[in-house]
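Chemist:
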């Protein structure tokens, strides 16, 4: 007589109804996140990203508390009497007051960590599929190439939102609790939508960009170099051209992170005149660049992830 | 043990593969020239040297690329093309594909890898996980289910790849060089496993390989492809017996004189083992009575005259050699 364990381990025919391929994308995303969770380096980078968040979280609390409780008090700093309000002056640049700039600045600075995390993510999730020949495993199944891309983008989207959107939402909630919470949440509900919009723009653009660049270079170190080139070198170049050589402000459009920042600020309905460094391109120009980047990535992926990759 | 499964009704009613004048070009290069095939369900070997067009044929059969011209069906499912259509997905659900390349997902354990394959085929998560355990156990990987696939030996990797092709219980298994990289014992075990899937569990198997011994061990039928054309198709026995012009002679007596007489009559001596056994090729219109007449005239006794069936290897080499010349 077969035991219960024998029955459990027995191979049986399967006659079930297959589900929509979109479920395959979800499965791919879930497994991708599981793969990322096994990367110790990623946890280290997440910890650093968490430090950036905690800096904003506690700094926002500190600024509000000092402003409301000790602004006119004087403390001795190195033997010199200093007004407490002046001690936090260096934080003014970050606008830690629950306004649109607070969240814009947080996302701007968190971007440095995000770039490195996404380079690792791209190399683990997509580069490995090409490098280790896993693509035939996926594309020989009853799914389209866009289901593959969607699955990977969903996983990357989760990473982006865990690092960017979710902490920004926590900062928004915190800001409300630090002020008159009822009036803050009602008056600044559009900020909540703006944060979600900013997160959505980042999710779509960066996930497509990660997949496209990972398909292109595949390995982590070149991927990091490409991303550093995109987000650091081009930024330095744009600064040099616009601020140093006084060329047209549209040169800032080569700085992708700045472009994403502008689209995010437009979601947060920030007055363009208040954006630093000035001058900046128009919001619509930033949106055109973001759209062009997404389309270019999609076109590249359409050509690159093809059936001809399948059977060696 | 794997429960005995009957072939799917589709496999019983319809031919496995029907291709009509399928041509595939890549720019100016023609990878397949007017391939027409009608193959019944069963264990079929696709033999051909590198660059013969096997891979292109596999891609077309899986609906990954469309034929440039021609039409085809796999188990009555129309071949589509390189479009992400429902028809193509239906086609791929009929097929379990085991690629030649590693095609593993580093970082996943064996059971996670096979479960993921099940979910990609459209199975619910719990069902996929349960079947992954079943299939891995059946394939002898139960002890290694929780090890990461990149730590597997070559034989285990091949079995894991077979498991992911088998998880959704497809009627057709398409195996691309399944014994690649295996040691002799592992190769024998893999071939036995594949043959069992065909004989005991009703799976149709398309085995793409350049290893003749693999085909001989597993397949009932063979399709020989060279230079993008089908050069031969049939059962192994049929193909090898088709050579009507060759005989094996066992003689006793003055061999030199008979040799000269046969040569004068247009018979080519292919081999002589020195023990009185010859392999010969006769010209068109040859009557076998001539052997006995010439033997009698030269004082030689013919002890045996047998048709000289080719081995699969000889057939393959002759077919490929014909193409190359």
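Chains as they are written, first to last, in this note's numbering: chain A, 16 to 327; chain B, 4 to 328. Every residue, glycine too, gets a C-beta built ideally from N, C-alpha and C. Here the structure is a predicted model, which means the values were calculated and not measured.
#1: Quick one: residues in its chain with C-beta nearer than 7 Å to the C-beta of residue 219/A, no 5 flanking neighbours on either side, listed in chain order?
#2: How far does the alpha helix (DSSP H) with residue 232/A in it extend, from its first residue to its last?
#3: Could you check whether the Cβ of residue 171/B sits closer than 8 Å to any Cβ belonging to chain A?
#4: Since residue 316/A meets chain B, which of its residues come closer than 7 Å, beta carbon to beta carbon?
#5: Name, please, each residue of chain B whose Cβ falls closer than 7 Å to the Cβ of residue 141/A.
#6: If you compare alpha carbons, which of 275/A, 139/A and 280/A is closest to residue 343/A?
#7: Give the residues of chain B in contact with residue 46/A, contact being defined as C-beta atoms less than 8 Å apart.
#8: Are there 16 or more other CB atoms within 10 angstroms of the CB of residue 88/A, so buried, or fewer, so exposed?
#9: Can you tell me whether DSSP reads residue 92/B as helix, strand or coil?
#10: Between the alpha carbons of residue 166/A and residue 98/B, how many angstroms are there, rounded?
#11: Applying the 10 Å Cβ sphere with the 16-neighbour rule, what's the burial state of residue 187/B?
#12: Compare the C-alpha of residue 42/B against each of 151/B, 52/B, 70/B and 75/B and name the closest.
#13: Assuming the contact rule is C-beta atoms closer than 8 Å, residue 113/A and residue 280/A should be a hit. Round their C-beta distance to whole Å, please.
#14: Please list, in chain order, the residues of the region 49-77 of chain B that have any C-beta partner in chain A closer than 7 Å.
#15: If you draw a straight line from the C-alpha of residue 108/B to the C-alpha of residue 217/A, how long is it?
#16: Express the C-alpha separation of residue 155/B and residue 235/A in angstroms, rounding to a whole number.
#17: Assuming the contact rule is C-beta atoms closer than 8 Å, residue 243/A and residue 64/A should be a hit. Round their C-beta distance to whole Å, please.
#18: Within this structure, are the beta carbons of residue 225/A and residue 133/A separated by less than 8 Å?
#19: Tell me whether the beta-carbon of residue 232/B lies closer than 8 Å to the beta-carbon of residue 47/B.
#20: Quickly, what does DSSP pair residue 310/B with across the bridge? List them, please.
#21: Can you tell me the Cβ-Cβ gap for residue 283/B and residue 273/B, rounded? I've got them flagged as a contact below 8 Å.
#22: Per DSSP, what kind of secondary structure is residue 261/A in: helix, strand or coil?
#23: For a quick check, are the C-beta atoms of residue 9/A and residue 274/A less than 8 Å apart?
#24: Under 8 Å Cβ to Cβ from residue 65/B, same chain only, skipping five residues before and after it: list those, please.
#25: Determine the closest residue to residue 193/A out of 262/A, 153/A and 74/A, with distance taken between C-alpha atoms.
#26: Which class does residue 238/B belong to by DSSP, given the choice of helix, strand or coil?
#27: Might you give, ordered along the chain, the residues of its own chain that have their beta carbon closer than 8 Å to the beta carbon of residue 198/B, omitting 5 neighbours on each side?
#28: Is the beta carbon of residue 279/B less than 8 Å from the beta carbon of residue 258/B?
#29: Can you grab the Cα-Cα spacing for the pair residue 214/A / residue 116/A, in whole Å?
#30: Let me make sure I understand the geometry here. Which of 49/B, 36/B and 142/B has the alpha-carbon closest to that of residue 237/B?
#31: Please list the partners that residue 289/B has in chain A, where partner means a Cβ-to-Cβ separation under 9 Å.
#32: Does the distance from the C-beta atom of residue 209/A to that of residue 283/A stay below 8 Å?
#33: Per DSSP, residue 81/B forms a beta bridge with which residues?
#34: Decide yes or no for the touch test of the region 29-46 of chain A against the region 114-129 of chain B: beta carbon pairs closer than 8 Å, at least 3 of them.
#35: Should residue 153/A go down as buried or exposed, given a rule of 16 or more other Cβ atoms within 10 Å for buried?
#36: What number of angstroms, rounded off, separates the C-alpha of residue 163/B from the C-alpha of residue 153/B?
Modeler: Put simply:
#1: The answer, listed in chain order, is 309.
#2: Its alpha helix (DSSP H) spans residues 204-232.
#3: For residue 171/B, the answer is yes, since a Cβ of chain A falls inside 8 Å of its Cβ.
#4: Those do not exist, as residue 316/A stays about 13 Å from chain B at its closest Cβ, beyond 7 Å.
#5: The premise fails here: residue 141/A is roughly 12 Å from chain B at the closest Cβ pair, so nothing lies under 7 Å.
#6: With chain A represented from 16 up to 327, any question about residue 343/A goes unanswered, as that position is not in the structure.
#7: Chain order gives the chain B residues near residue 46/A as 108, 111, 115 and 119, where near means a beta carbon separation below 8 Å.
#8: Per the 10 Å Cβ criterion, exposed.
#9: Residue state for residue 92/B is assigned as helix, using DSSP reduced to three classes.
#10: Across the structure, residue 166/A and residue 98/B are spaced so that their CA atoms are roughly 22 Å apart.
#11: Counting Cβ neighbours within 10 Å, residue 187/B comes out exposed, since fewer than 16 surround it.
#12: Comparing Cα-Cα distances from residue 42/B to each of 151/B, 52/B, 70/B and 75/B, the minimum goes to 75/B.
#13: Rounded to the nearest angstrom, the Cβ distance from residue 113/A to residue 280/A is 16 Å, too far for a contact under 8 Å.
#14: Only those residues of the region 49-77 of chain B whose C-beta falls short of 7 Å from the nearest C-beta of chain A are listed: 58, 61, 62, 65, 67 and 68.
#15: Taking the straight line joining both Cα atoms gives about 27 Å.
#16: Distance between the alpha carbons of residue 235/A and residue 155/B: 24 Å.
#17: No, residue 243/A and residue 64/A are not in contact; Cβ-Cβ is about 17 Å, not under 8 Å.
#18: It is a contact, given that the beta carbons lie within the stated cut-off.
#19: Not a contact, by the Cβ cut-off of 8 Å.
#20: DSSP lists 250/B as partners of residue 310/B.
#21: That belief holds up - the Cβ atoms of residue 283/B and residue 273/B are roughly 6 Å apart, short of 8 Å.
#22: Of the three classes helix, strand and coil, the one that applies to residue 261/A here is coil, per DSSP.
#23: Residue coverage of chain A in this structure runs from 16 to 327, which leaves residue 9/A outside it and unanswerable.
#24: Only residues of its own chain outside the window of five on either side were considered, and among them 94, 95, 98, 100 and 177 have a CB closer than 8 Å to the CB of residue 65/B, listed in chain order.
#25: Distances from the alpha-carbon of residue 193/A to those of 262/A, 153/A and 74/A put 74/A closest.
#26: Residue 238/B falls in the strand class under three-state DSSP.
#27: For residue 198/B, where only same-chain residues beyond five positions count, the Cβ hits under 8 Å are 46, 220 and 221.
#28: A contact, by the Cβ cut-off of 8 Å.
#29: The alpha-carbon atoms of residue 214/A and residue 116/A are separated by roughly 15 Å.
#30: Answer by Cα proximity: 49/B.
#31: Going along chain A, no residue has its Cβ under 9 Å from residue 289/B, so there is no contact; the nearest lies around 45 Å.
#32: Yes, the pair counts as a contact, with Cβ atoms nearer than the cut-off.
#33: In the DSSP assignment, residue 81/B is bridged to 76/B.
#34: These segments touch.
#35: Classification of residue 153/A: buried, given that the 10 Å Cβ count is 16 or more.
#36: Looking at the two C-alpha atoms, the distance is approximately 11 Å.
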